[in-house]
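Novice: Before anything else, here's the structure in question.
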Amino acid sequence: MRRRQLLGGLTALVATTLPGLVGCQSESDSVANKDDRVFKWKMVTAWPKNFPGLGTGANQLAQLINEMSGGRIQISVYGAGEMVGPFEVFDAVSQGRAELGHAAAYYWKGKLPSADFFTGVPMGLTAEEMNSWLYNGGGLELWEEAYKPFGLIPNPAGNTGTQMGGWFNREINSLDDLKGLKIRMPGLGAEVYTKVGAVPVNLPGNELFQAMQSGLIDAVEFVGPYNDLAFGFHRVANYYYSPGWQEPGSVMECMINEQAFNELPKDLQSIVRNAMKVANLNMLSEFTARNQQALTSLVEEHQVQLRQFPQEVLIALKQASAEVVEEAANRDPLAKRVWASQKAFRDQVAPWTKHSLKSFLDLRAL
1 MRRRQLLGGL TALVATTLPG LVGCQSESDS VANKDDRVFK WKMVTAWPKN
51 FPGLGTGANQ LAQLINEMSG GRIQISVYGA GEMVGPFEVF DAVSQGRAEL
101 GHAAAYYWKG KLPSADFFTG VPMGLTAEEM NSWLYNGGGL ELWEEAYKPF
151 GLIPNPAGNT GTQMGGWFNR EINSLDDLKG LKIRMPGLGA EVYTKVGAVP
201 VNLPGNELFQ AMQSGLIDAV EFVGPYNDLA FGFHRVANYY YSPGWQEPGS
251 VMECMINEQA FNELPKDLQS IVRNAMKVAN LNMLSEFTAR NQQALTSLVE
301 EHQVQLRQFP QEVLIALKQA SAEVVEEAAN RDPLAKRVWA SQKAFRDQVA
351 PWTKHSLKSF LDLRAL
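Taking our numbering, the leading residue of the sequence shown gets 1, the next gets one more, and so forth.
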C-alpha cells in the first residue's frame, strides 16, 4: 500500500513540475514545434489579369495554397503588365522580385533550349501522356535540372489539353496558302511554320486581337475555343482551323524561387507542391468542360467557319515537325537528353493509347 502511495506521489510531482512529459507529450511537442510565421508572396503571370482558364487558374492556385496552409502563405497575383511584362516572368522569379511565376515554359526558349519540351512538342504527347511523363517518366526531374541554374523550381500547374490550329483571315486549301502568311505562333510550332514558308510572330496574349485587327498578322493561334471566344478573335477572322497539331497537350507552369521555397517549413513546402498538382488537374478539367460550350457559341451564334486543315497540309506539317524537333534537341546537351526521354516515353505509351483510348473513341464515333 505504501509503495503504491509513493509511486502515485512521484507521478503527481513529475506531472506538476514537468507537465509536458506526462499524458500530453506529443501535443506539447506539436505546439512547441509549430511554425506560425506568415509568408507573403507575389505571383507574376504571363496572362491578362483574370483571363478565363489561364489567369483565373493562377488566381485559384494562389487561393488554394492560402486555404491549404491555413493562411500561413498569402499570395498576391499580378497579371501580365501589372508588375512585369508577360515575357519577363522568368527573370522576375529568378531574381527574387516575385516568389512565383505562372506562365508556359516555351516562352523561355531563348534562355534555355530545352524549355520548349516542357510545354509541348508538335505531334507529341497528349495532356494525359504529358502528365504521365512528368510525374512517372522522369520528366519533372529533367525539368528541375534545367531550371536549377536559375534558382527556380518548376512545377506543372495546368494543362489546356489539345489546342486548336488557329484563326485565319483566309482559307487554307493547300500548302501554298501558308507561304508568306504572318501567324502568331510560339514554341517549336513557329519553327515548323518557318520550314513550310509561313512567317511566325511571337506576341503576348494581350496584343493579339489588335495585331489581327490592324493587319500586323494574318493568323493567330492561342489556345482553343474557351480562351479564343474571350479574346474575341471571331470579330477579326472568319476561319477557325483544327487540329492543334502544334500543341497536343500544353503544360502551364508555376515556377518557384528556390531560396523562398527553402525558407518555408517542410509542411508548407509539401502544401505548395501538392497544391500545384491539384491546379494541374483543375485547369485541364475546366478546359475540357468549357471548350465545346465556347465552340458551339462561336459556330452557332457568331457564324464562325469551322474547318480542318487539308491532309496535304497536315502531312507537310508532320514531316516538318519531325525535322524541327530533332534540330531543337541537337542544339543543347540537356535538350537532347530531354527529348530522348520524352521520345522514349511516347514510343512506350503509344501502343496503349492506340489500343485503349483511340480504339474506344473510334467505336464511340460509329
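In this text, a Cβ means the ideal position worked out from N, Cα and C, and glycines have one as well. Just so you know, these numbers come straight off a predicted model, no measurement behind them.
1. Could you tell me the distance, in whole angstroms, from the CA atom of residue 63 to the CA atom of residue 289?
2. Could you spell out where the beta strand (DSSP E) holding residue 370 opens and where it closes?
3. Count the CB pairs spanning the region 248-267 and the region 90-106 that are closer than 8 Å, and state whether there are at least three.
4. Between residue 47 and residue 80, how many whole angstroms is the CB-CB distance? I'm expecting something under 8 Å.
5. Per DSSP, what kind of secondary structure is residue 302 in: helix, strand or coil?
6. By how many angstroms is the C-alpha of residue 352 removed from the C-alpha of residue 184?
7. Helix, strand or coil: which one does DSSP assign to residue 181?
8. Say whether the region 214-222 touches the region 177-197, bearing in mind that this needs 3 or more beta-carbon pairs closer than 8 Å, one atom from each stretch.
9. Closer than 8 Å is the cut-off here; do at least three beta carbon pairs connect the region 116-127 with the region 168-177?
10. With a threshold of 16 other CB atoms inside 10 Å of the CB of residue 70, please say whether the residue is buried or exposed.
11. What residues are listed by DSSP as bridge partners for residue 39?
12. Pull up the CB-CB distance for residue 275 and residue 68, whole angstroms please, since I reckon it's below 8 Å.
13. Compare the Cα-Cα distances from residue 55 to each of 307, 286, 310, 327 and report the closest residue.
14. Considering residue 167, what are the terminal residues of the beta strand (DSSP E) in which it resides?
15. Quick one: complete beta strand (DSSP E) runs, 3+ long, within the region 224-276?
16. Which of the three DSSP states is assigned to residue 204 in this structure?
17. Apart from the five residues just before and just after residue 368, which ones in its own chain have a Cβ nearer than 7 Å to its Cβ?
18. Looking at the strands, I want to know which residues DSSP matches up with residue 307.
19. Spatial neighbours of residue 297 within its chain, please: C-beta separation below 7 Å, excluding the five flanking residues on both sides.
20. With a threshold of 6 Å on Cβ separation, who are the neighbours of residue 335 within its own chain once the five nearest residues in sequence on each side are excluded?
21. Would you give the residue range spanned by the alpha helix (DSSP H) that residue 55 belongs to?
22. Could you tell me whether the Cβ atoms of residue 128 and residue 324 are closer together than 8 Å?
23. Do you know how far the Cα of residue 263 is from the Cα of residue 160?
24. Under three-state DSSP, which class holds residue 189?
25. Let me check one thing: in DSSP terms, what residues is residue 370 bridge-paired to?
26. By how many angstroms is the C-alpha of residue 167 removed from the C-alpha of residue 400?
27. In whole angstroms, what separates the C-alpha of residue 320 from that of residue 98?
28. Write down the C-beta distance between residue 165 and residue 243 rounded to the nearest angstrom, noting that I regard them as a contact closer than 8 Å.
29. In this structure, how does DSSP classify residue 101 when only helix, strand and coil are distinguished?
30. Residue 280 and residue 156 - do their beta-carbons sit closer together than 8 Å?
31. Between the C-alpha atoms of residue 110 and residue 359, what's the straight-line distance to the nearest angstrom?
32. Measure the alpha-carbon distance for residue 137 versus residue 346 and round it to whole angstroms.
33. Please report the straight-line C-alpha distance between residue 57 and residue 78, rounded to a whole angstrom.
34. Within the same chain, show all residues whose beta-carbon is closer than 6 Å to that of residue 294, passing over the 5 residues directly before and after it, in chain order.
Specialist: If we stick to the structure as given:
1. As a working mapping, residue 63 is identified with position 63 in the sequence shown. As a working mapping, residue 289 is identified with position 289 in the sequence shown. Looking at the two C-alpha atoms, the distance is approximately 21 Å.
2. This structure cannot speak to residue 370, because the chain is shown only from 1 to 366.
3. Three or more pairs of CB atoms, one per stretch, sit closer than 8 Å, so the region 248-267 contacts the region 90-106.
4. Residue numbering aside, residue 47 sits at position 47 when the sequence shown is read from its first letter. Residue numbering aside, residue 80 sits at position 80 when the sequence shown is read from its first letter. Separation of the CB atoms of residue 47 and residue 80 is rounded to 6 Å, and the pair is thereby assigned contact status at 8 Å.
5. Here residue 302 refers to the residue found at position 302 of the sequence shown. Residue 302: coil per DSSP, three-state reduction.
6. The residue labelled residue 184 in the question sits at position 184 within the sequence shown. The residue labelled residue 352 in the question sits at position 352 within the sequence shown. Spanning the alpha carbons of residue 184 and residue 352 requires a straight line of approximately 34 Å.
7. Reading the sequence shown from its first residue, position 181 is the one you call residue 181. Looking at residue 181 - three-state DSSP - the assignment turns out to be coil, as it is neither helix nor strand.
8. In this structure the region 214-222 touches the region 177-197; the number of beta carbon pairs closer than 8 Å is three or more.
9. Short answer: they don't touch.
10. Residue numbering aside, residue 70 sits at position 70 when the sequence shown is read from its first letter. Burial is judged here by how many other beta carbons sit within 10 angstroms of a residue's own beta carbon; residue 70 has fewer than 16 and is exposed.
11. On the sequence shown, position 39 is the one that residue 39 refers to. When DSSP reads this structure, residue 39 sits in a beta bridge with 73.
12. If you number the sequence shown from 1, residue 275 lands on position 275. If you number the sequence shown from 1, residue 68 lands on position 68. Residue 275 to residue 68, Cβ: 6 Å. Contact.
13. Reading the sequence shown from its first residue, position 55 is the one you call residue 55. Nearest option by C-alpha distance: 286.
14. As a position in the sequence shown, residue 167 is number 167, starting the count at 1. Element bounds for residue 167: 166-168.
15. For the beta strand (DSSP E) assignment, the uninterrupted runs of no fewer than 3 residues enclosed by the region 224-276 are, from N- to C-terminal side, 239-242, 251-257.
16. Counting from one through the sequence shown, the residue named residue 204 turns up at place 204. Secondary structure at residue 204: coil, using DSSP grouped into helix, strand and coil.
17. No statement about residue 368 is possible, as the shown extent of the chain runs from 1 to 366 and does not include it.
18. Residue 307 sits at position 307 when you count from the first residue of the sequence shown. Beta-bridge pairing links residue 307 to 241.
19. Within the sequence shown, residue 297 is the residue found at index 297, counting from 1. If we look at residue 297 and ignore the five residues flanking it on each side, its Cβ neighbours are 229.
20. Mapped onto the sequence shown, residue 335 falls at position 335. Taken in chain order, the residues that qualify are 113, 114, 329.
21. On the sequence shown, position 55 is the one that residue 55 refers to. First-last of the alpha helix (DSSP H) with residue 55: 55-68.
22. Start at 1 with the first residue of the sequence shown, and residue 128 comes out as number 128. Start at 1 with the first residue of the sequence shown, and residue 324 comes out as number 324. No, Cβ-Cβ distance for residue 128 and residue 324 is not below 8 Å.
23. Here the question's residue 160 lines up with position 160 in the sequence shown. Here the question's residue 263 lines up with position 263 in the sequence shown. Those two C-alpha atoms are separated by around 32 Å.
24. As a working note, residue 189 is residue 189 in the sequence shown. In this structure, residue 189 counts as helix in the three-state DSSP scheme.
25. Coverage of the chain is limited to positions 1 through 366, which leaves residue 370 absent and any answer about it impossible.
26. Any question about residue 400 goes unanswered here, given that the chain covers just 1 to 366.
27. Position 320 of the sequence shown, counted from the first residue, corresponds to residue 320. Position 98 of the sequence shown, counted from the first residue, corresponds to residue 98. Each residue's Cα considered, the two are about 38 Å apart.
28. The residue you call residue 165 lines up with position 165 of the sequence shown. The residue you call residue 243 lines up with position 243 of the sequence shown. Sure, about 6 Å apart at Cβ, within 8 Å.
29. Here residue 101 is taken as the residue at index 101 of the sequence shown, counted from 1. Residue 101 carries a strand assignment under DSSP once its states are collapsed to helix, strand and coil.
30. The residue you call residue 156 lines up with position 156 of the sequence shown. The residue you call residue 280 lines up with position 280 of the sequence shown. Going by C-beta atoms, residue 156 is nearer than 8 Å to residue 280.
31. Position 110 of the sequence shown, counted from the first residue, corresponds to residue 110. Position 359 of the sequence shown, counted from the first residue, corresponds to residue 359. Here the alpha carbon of residue 110 sits roughly 40 Å from the alpha carbon of residue 359.
32. The residue given as residue 137 occupies position 137 in the sequence shown. The residue given as residue 346 occupies position 346 in the sequence shown. Straight across, the Cα-Cα distance linking residue 137 with residue 346 is about 10 Å.
33. In the sequence shown, counting from the first residue as 1, residue 57 sits at position 57. In the sequence shown, counting from the first residue as 1, residue 78 sits at position 78. Cα-Cα distance, rounded: 13 Å.
34. One-based indexing of the sequence shown puts residue 294 at position 294. Same-chain partners within the cutoff: 225, 226, 229.
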